[in-house]
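Residue numbers (my numbering): 7 to 79. By construction, the Cβ of each residue, glycine as well, lies at the ideal position given by its N, Cα and C atoms.
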Amino acid sequence: MRSPISERMVVLLVAAIQFVNIVDFMMVAPLGPDLAEGLGVATSRIGIIAGSYTFAAAAGSLAAAAWLDRLDR
């Protein structure tokens, strides 16, 4: 049996990782025009890139959920 302290630390670690992930994703949207200029692409293409990231994150989450459901809690 795991101790409550170790479970709490795992939950805090996962929460911190998710927070960094969300902040990273949220910071890209306002920087879209600057990124487009720096990469030499049209501003309209940044929406496609952001949508591709969202689609990939959703697909990865579904795959991870199917795999993680096999583990005991």
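Check the C-beta distance from residue i over to residue j and give it rounded, since I have them as a contact under 8 Å.
{"i": "residue 38", "j": "residue 52", "result": "4 Å"}
Between residue i and the rest of its own chain, which residues show a CB-CB distance below 6 Å, the 5 nearest in sequence each way excluded?
{"i": "residue 61", "result": "none"}
Would you call the CB atoms of residue i and residue j closer than 8 Å?
{"i": "residue 34", "j": "residue 56", "result": "yes"}
If you follow the alpha helix (DSSP H) that residue i is in, where does it begin and where does it stop?
{"i": "residue 40", "result": "38–45"}
{"i": "residue 76", "result": "First-last for residue 76: undefined, no H or E at that position."}
Meets three-Cβ-pair contact criterion under 8 Å: the region 35–43 and the region 10–21 | No, the region 35–43 does not touch the region 10–21.
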